[in-house]
Structure formats: structure tokens, C-alpha cells
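For the sequence shown, position 111 (counting from the first letter as 1) is numbered 111 according to the UniProt record's numbering, and the numbering increases by one without interruption.
Ideal Cβ placement from N, Cα and C applies to all residues, glycine included.
Keep in mind the model is a prediction, meaning the values are calculated, not measured.
Contents: one structure, followed by commentary.
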Amino acid sequence: MENITINIVNTIGDRYGVEAEDGQKVFELITTAFSDQKRVNLSFQNIEMLTTAFLNTAVGQLYKDYEEIFIKKNLSVSNISESGKVALKRVVETAKLYYKDPDALKRSIDEIIKG
1 MENITINIVN TIGDRYGVEA EDGQKVFELI TTAFSDQKRV NLSFQNIEML
51 TTAFLNTAVG QLYKDYEEIF IKKNLSVSNI SESGKVALKR VVETAKLYYK
101 DPDALKRSID EIIKG
């Protein structure tokens with residue numbers, strides 16, 4: 001299986017991974033690569049800031065269409081900051097829970113809001 005690297009800065013044209021729209025560009029490149037039987041390395045080189053909105057769209061929504069084991073085997077990250085690692089881990093954990101049972105997360109949020 002061929003490996004490709006997606007350079008986030010080159011893909012979004014910015015050092016700040018903050019917009020969901022930019023995350024969508026990355027997500028589409030990842031899913032295209034997966035469809036072409038390629039492993040993906042996401043390079044966060046020169047990225048100065050990441051938000052969960054960006055990471056949810058870029059990586060989190062992969063859990064809707066792909067099994068966790070497939071993602072672990074075919075997606076890697078490099079050059080990511082410590083704070084980026086923490087945010088990505090949180091996004092992945094939330095995505096796994098959400099796509100396993102979308103209604104459970106909604107119920108949980110509703111309970112919090114209603115007190």
C-alpha cells in the first residue's frame with residue numbers, strides 16, 4: 001500500500017488550522033486517498049494553531065465512515081505540537097463515542113442543558 005503525506009499548511013494555505021471549511025479540505029483529501037488504497041500521513045509542520053472545529057472536520061468525521069482499526073492502520077500524524085496532540089486525542093475520543101451512538105451524545109448534552 002502506497003503512503004502519501006498531506007501537508008496541512010500547503011492544503012489550507014495558512015499556519016492556523018481553525019476553520020471547519022479548511023478541515024473539510026483535509027478530510028476530502030484523506031477520504032480520496034483511502035479510496036485509492038493509500039495510507040495517509042498528516043503533516044502539521046509549521047502549523048501554529050489548531051482548533052477542535054478544524055480537527056473535528058478534518059479527522060473526527062472519518063469515524064462516521066471508517067472503522068477505528070482501519071483509521072489507526074492507515075492514518076498517522078507528524079510534526080504536531082503537544083497541544084495539538086491533546087486536542088486531536090480529545091476530538092478522536094469524542095468522535096468515536098458520537099458515531100457509535102449519536103443519540104447518546106445528544107441526550108447527554110440535553111441533560112446538561114436542562115440541568
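*If you run the structure through DSSP and keep just helix, strand and coil, what is glycine 84?*
Residue mapping note: residue 84 aligns to position 84 of the sequence shown, counting from 1. Of the three classes helix, strand and coil, the one that applies to glycine 84 here is helix, per DSSP.
_I need the straight-line Cα distance from lysine 64 to glutamate 28, nearest angstrom please._
Looking up residue 64 in the sequence shown gives position 64. Looking up residue 28 in the sequence shown gives position 28. Approximately 13 Å, taken between the alpha carbons.
_Under the three-state DSSP convention, the category glycine 60 falls into_ = For this step, residue 60 is matched to residue 60 along the sequence shown. Of the three classes helix, strand and coil, the one that applies to glycine 60 here is helix, per DSSP.
*Backbone CA spacing between alanine 58 and leucine 75 [nearest angstrom]*: Taking the first residue of the sequence shown as position 1, residue 58 is located at position 58. Taking the first residue of the sequence shown as position 1, residue 75 is located at position 75. So the alpha carbons of these two residues sit roughly 12 Å apart.
*Bridge partners of glutamate 2, per DSSP?*
Here the question's residue 2 lines up with position 2 in the sequence shown. In DSSP, glutamate 2 forms a bridge with Lys38.
*In the structure shown, what three-state DSSP assignment does asparagine 10 receive?*
Counting from 1 along the sequence shown, the entry for residue 10 is found at position 10. Three-state result, asparagine 10: helix.
*Please classify glycine 17: does DSSP put it in a helix, a strand, or coil?*
On the sequence shown, position 17 is the one that residue 17 refers to. Strand at glycine 17.
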